[in-house]
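Below: one structure, written as structure tokens.
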Amino acid sequence: MRDLQGLLARLFDVAMIVGGAAVASQIRFEYIEAHAYSMAFVAFAAAFSLALFPGFGVYQSWRGRSKLQFACQISLGWLVVQGCALVLMFSLHRLDYVSRLWFAYWTAMSGGLMIAGHLIKHVVLARVRNAGMNIHSVAIVGCGKHCDSVVRKIDRSKDSGFRAVAAFNAEPGEQQLNTRVPVFEDHEAFVNYVRQQNVAEVWLALPLSQERTILRFVNEFRDDLVNVRFVPDVRSLALFEAGVTDLLGEPAINLVASPLSASSMLKKELFDRIFALFAIIAIAPLLIACAIAVKLSSRGPVFFKQRRKGADGRVFLIYKFRSMRLHTEQAGVLRQATRNDPRVTKVGAFLRRTSLDELPQFFNVLRGDMSIVGPRPHALEHDDLYQKVVSGYIHRYRIKPGITGWAQVNGFRGETDRIEKMEGRVAHDLYYLGNWSFGLDMKIIAATIFNGLRHTNAY
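FYI, in numbering that gives the first Met the number 0 the residues of the sequence shown are 0 to 458.
So, in structure tokens, the structure goes:
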């Protein structure tokens with residue numbers, strides 16, 4: 000059945016590639032052109048898709064996995080396919096005969112059709128599973144809250160096609176399971192139930208310390224047609240939501256590491272550079288006006304430069320519009336701006352209240368020192384101080400610092416005259432690290448634009 004589904008999925012993708020090319024010809028030329036070079040291009044792309052799409056996991060089972068990630072995999076695979084076809088056409092010296100506009104229409108049309116078709120298939124499968132068909136029954140081996148949490152997640156994700164039918168308490172004398180499914184404490188009774196009820200999956204929701212129990216169940220079902228999966232409980236060890244990565248071909252669980260994958264970091268980097276470039280172009284008149292106002296307000300340079308720590312603790316120079324009069328700081332001591340600080344000029348006070356003094360940091364983003372959204376960078380002296388007294392402070396350096404952040408839009412900005420303020424700021428920064436998404440970044444940017452330009456704590 001799975002082989003048939005894979006074959007149909009491949010035929011569908013080829014049909015969408017050919018169909019997209021035909022529709023693109025109709026849009027571009029107002030008729031379906033059958034030019035030999037264009038047809039060769041389409042044939043190359045179809046062949047490359049059959050060869051490359053399996054490598055992007057397009058035809059794997061995505062039961063219980065993110066459909067957004069699935070759509071991204073199709074998009075990435077299709078772009079790679081088109082890139083390979085372009086290289087081949089170029090090497091054959093036939094690229095000049097192909098309409099660039101037709102190629103753009105074709106790429107967008109076929110990509111959209113493939114994504115839409117596969118997602119519709121998953122929607123239909125979700126409806127079927129909600130109706131009680133195409134279900135994989137799951138028995139969970141676990142202990143305590145982690146086992147209960149796994150059962151609840153299965154219950155909340157009915158369209159994933161999994162149904163919890165039983166649980167085995169690995170620590171009956173110490174912790175009780177509070178689940179709706181039958182709970183077994185006798186090993187033999189649980190194993191017999193799994194076999195008699197033809198349970199498809201056994202999930203080992205156990206901590207790493209339960210190695211003997213893990214091996215026992217793996218060996219028990221080694222000769223059965225039962226999928227045995229390890230869903231480790233690493234909450235006591237992992238700083239962030241533990242993710243699995245590939246290291247030299249071996250699966251590795253991230254316990255204390257950046258929660259953002261390499262692909263997520265690359266996407267965030269591309270977004271930052273493009274956003275910063277367009278922002279600088281858009282606000283160029285405002286930047287010039289602020290620079291003139293600063294220059295006329297008091298003697299000194301337009302920009303304030305200070306050394307800050309970035310990703311992985313690398314030091315960089317941050318840029319701001321100067322908001323204070325020139326003054327001398329005591330060596331090794333840094334005074335934060337306070338309310339009615341005499342060092343702050345009238346223009347500087349306005350720039351601080353409206354956060355306009357931060358605008359030059361778009362140049363830091365363009366240079367790659369900072370991100371649009373991320374933990375705000377602090378002066379090196381404050382880093383040295385708070386790193387010793389605030390738990391988790393060091394992990395703010397796992398990604399690039401930002402012009403704005405989750406802490407700032409939630410009121411944690413300005414002077415940190417009490418340790419509790421910094422603890423609150425760090426807690427929000429760590430939440431952002433553990434829950435990053437493009438949606439969250441857009442939410443923070445929108446909140447900064449509409450609510451965060453003025454703040455009572457900014458002085």
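Every residue, glycine too, gets a C-beta built ideally from N, C-alpha and C.
Exercise. Can you find a CB in chain C that lies within less than 8 Å of the CB of R126?
Worked result: Note that chain C does not occur in the displayed structure, where there is just one protein chain.
Problem set entry | Option in S109, L325, T447 with minimal Cα separation from V372 | Residue mapping note: residue 372 aligns to position 373 of the sequence shown, counting from 1. Nearest C-alpha to V372: T447.
Problem set entry | Contacts around V364, its chain only, beta-carbon distance under 8 Å, and the 5 residues preceding and following it disregarded | Residue mapping note: residue 364 aligns to position 365 of the sequence shown, counting from 1. Cβ within range, chain order: D271, R272, F274, A275, S370, I371, I402.
Problem set entry | Contacting residues, own chain, Cβ-Cβ under 7 Å from L429 (five flanking each side not counted) | Position 430 of the sequence shown holds residue 429. Here the set comprises G391, H394.
Problem set entry | CB contact flag (F47, C83, <8 Å) | What you label residue 47 is simply residue 48 of the sequence shown in a count that begins at 1. What you label residue 83 is simply residue 84 of the sequence shown in a count that begins at 1. Contact flag set, yes.
For this session: Check W202 in the structure and name its three-state DSSP category.
Result: The residue labelled residue 202 in the question sits at position 203 within the sequence shown. Looking at W202 - three-state DSSP - the assignment turns out to be strand.
Exercise. Taking only runs of the alpha helix (DSSP H) that begin and end inside the stretch 75 to 139, which ones reach a length of at least 4 residues, in chain order?
Worked result: 99 to 129
Exercise. How long is the line joining the alpha carbons of S297 and K319, rounded to whole angstroms?
Worked result: Within the sequence shown, numbered from 1, the residue matching residue 297 stands at position 298. Within the sequence shown, numbered from 1, the residue matching residue 319 stands at position 320. Going from the Cα of S297 to the Cα of K319 covers about 16 Å.
Problem set entry | Status (buried if at least 16 other CB within 10 Å, exposed otherwise) for V149 | Numbered from its first residue, the sequence shown carries residue 149 at position 150. It counts as buried.
Exercise. Measuring CB to CB, does A50 end up less than 8 Å from V17?
Worked result: As a position in the sequence shown, residue 50 is number 51, starting the count at 1. As a position in the sequence shown, residue 17 is number 18, starting the count at 1. No. Outside cutoff.
For this session: Just mark N168 as buried or exposed, buried being the case when its beta carbon has 16 or more other beta carbons within 10 Å.
Result: By 1-based counting over the sequence shown, the position of residue 168 is 169. N168 is buried by the Cβ-count criterion.
Problem set entry | Alpha carbon of Y458 to alpha carbon of L112, nearest angstrom | The residue you call residue 458 lines up with position 459 of the sequence shown. The residue you call residue 112 lines up with position 113 of the sequence shown. Low local confidence applies: a pLDDT of 49 at Y458 is under 50, so the model's placement there is unreliable, with the coordinate-based value given in what follows. Whole-angstrom Cα-Cα distance: 52 Å.
Problem set entry | Residues that DSSP places opposite I448 in a beta bridge | For this step, residue 448 is matched to residue 449 along the sequence shown. Beta-bridge pairing links I448 to no other residue.
For this session: Using three-state DSSP, classify R162 as helix, strand or coil.
Result: The count along the sequence shown starts at 1 and reaches residue 162 at position 163. The answer is strand: DSSP assigns R162 an E or B state.
Problem set entry | For A378, three-class secondary structure by DSSP | Looking up residue 378 in the sequence shown gives position 379. If DSSP states are grouped into helix, strand and coil, A378 belongs with the strands.
Problem set entry | 8 Å CB neighbourhood of V137 in its chain, flanking five on each side removed | What you label residue 137 is simply residue 138 of the sequence shown in a count that begins at 1. Within the same chain, V137 has close Cβ partners I153, F161, R162, A163, V164, V198, A199, E200, V201, W202.
For this session: Check N197 in the structure and name its three-state DSSP category.
Result: Within the sequence shown, numbered from 1, the residue matching residue 197 stands at position 198. Coil.
Exercise. According to the Cβ coordinates, are G19 and M108 closer than 8 Å?
Worked result: For the purposes of this step, residue 19 is identified with residue 20 of the sequence shown, where counting begins at 1. For the purposes of this step, residue 108 is identified with residue 109 of the sequence shown, where counting begins at 1. Yes, the Cβ-Cβ distance between G19 and M108 is below 8 Å.
Problem set entry | CB contact flag (W77, A23, <8 Å) | Here residue 77 corresponds to residue number 78 of the sequence shown, with the count starting at 1. Here residue 23 corresponds to residue number 24 of the sequence shown, with the count starting at 1. No, the Cβ-Cβ distance between W77 and A23 is not below 8 Å.
Exercise. Going by alpha carbons, who is nearest to Q25 out of D356, Y104, Y96, V86?
Worked result: To locate residue 25, count along the sequence shown from 1; it is residue 26. Ranking the options by Cα distance to Q25, first place goes to Y104.
Exercise. If V301 sits next to R321, beta carbons under 8 Å apart, how far is it from one beta carbon to the other, in whole angstroms?
Worked result: Taking the sequence shown and counting its residues from 1, one reaches residue 301 at position 302. Taking the sequence shown and counting its residues from 1, one reaches residue 321 at position 322. Right, their Cβ atoms sit about 6 Å apart.
For this session: For the stretch 387 to 428, list the alpha helix (DSSP H) runs that are entirely contained and at least 4 residues long, ordered along the chain.
Result: 405 to 408
For this session: Check Y318 in the structure and name its three-state DSSP category.
Result: The residue labelled residue 318 in the question sits at position 319 within the sequence shown. Of the three classes helix, strand and coil, the one that applies to Y318 here is strand, per DSSP.
Exercise. Are I73 and H121 touching if we call contact CB-CB under 8 Å?
Worked result: Residue mapping note: residue 73 aligns to position 74 of the sequence shown, counting from 1. Residue mapping note: residue 121 aligns to position 122 of the sequence shown, counting from 1. Contact: no.
For this session: Would you tell me roughly how many angstroms separate the C-alpha atoms of A310 and L358, rounded to the nearest one?
Result: Here residue 310 refers to the residue found at position 311 of the sequence shown. Here residue 358 refers to the residue found at position 359 of the sequence shown. Whole-angstrom Cα-Cα distance: 20 Å.
Problem set entry | Cβ-based neighbour list, Q195, same chain, cut-off 7 Å, excluding 5 preceding and 5 following | Position 196 of the sequence shown holds residue 195. Once the five neighbours on either side are set aside, Q195 has no close Cβ partner at all.
For this session: Could you spell out where the alpha helix (DSSP H) holding S296 opens and where it closes?
Result: Against the sequence shown, residue 296 aligns to sequence position 297. Its alpha helix (DSSP H) spans residues 283 to 296.
For this session: Count the other C-beta atoms from every protein chain shown that fall within 10 angstroms of the C-beta of M0, then say buried if there are 16 or more, exposed otherwise.
Result: Residue 0 sits at position 1 when you count from the first residue of the sequence shown. Low per-residue confidence applies at M0: pLDDT is 49, beneath 50, and the placement is therefore not dependable enough to give any value.
Problem set entry | Test item: CB-CB of V190 and E210 under 8 Å | Walking along the sequence shown from the start, residue 190 turns up at place 191. Walking along the sequence shown from the start, residue 210 turns up at place 211. It is not a contact, given that the beta carbons lie outside the stated cut-off.
For this session: Take G312 and list the residues in its own chain whose beta-carbon comes closer than 8 Å to its own, dropping the five residues that flank it on each side.
Result: Locating residue 312 in the sequence shown gives position 313, where the first residue counts as 1. The answer, listed in chain order, is Y396.
Exercise. Out of curiosity, what's the CA-to-CA distance linking F55 and L75?
Worked result: Within the sequence shown, numbered from 1, the residue matching residue 55 stands at position 56. Within the sequence shown, numbered from 1, the residue matching residue 75 stands at position 76. Whole-angstrom Cα-Cα distance: 8 Å.
Exercise. Would you call the CB atoms of R375 and A406 closer than 8 Å?
Worked result: Taking the sequence shown and counting its residues from 1, one reaches residue 375 at position 376. Taking the sequence shown and counting its residues from 1, one reaches residue 406 at position 407. It is a contact, given that the beta carbons lie within the stated cut-off.
For this session: Use the C-beta contact count for R424: other C-beta atoms within 10 angstroms, 16 or more gives buried, fewer gives exposed.
Result: On the sequence shown, residue 424 is found 425 positions in, with the first residue counted as 1. With 16 or more other Cβ atoms within 10 Å, it is buried.
Exercise. With 16 as the cutoff for other CB atoms within 10 Å, does P181 come out buried or exposed?
Worked result: Counted from its first residue, the sequence shown places residue 181 at position 182. Classification for P181: exposed.
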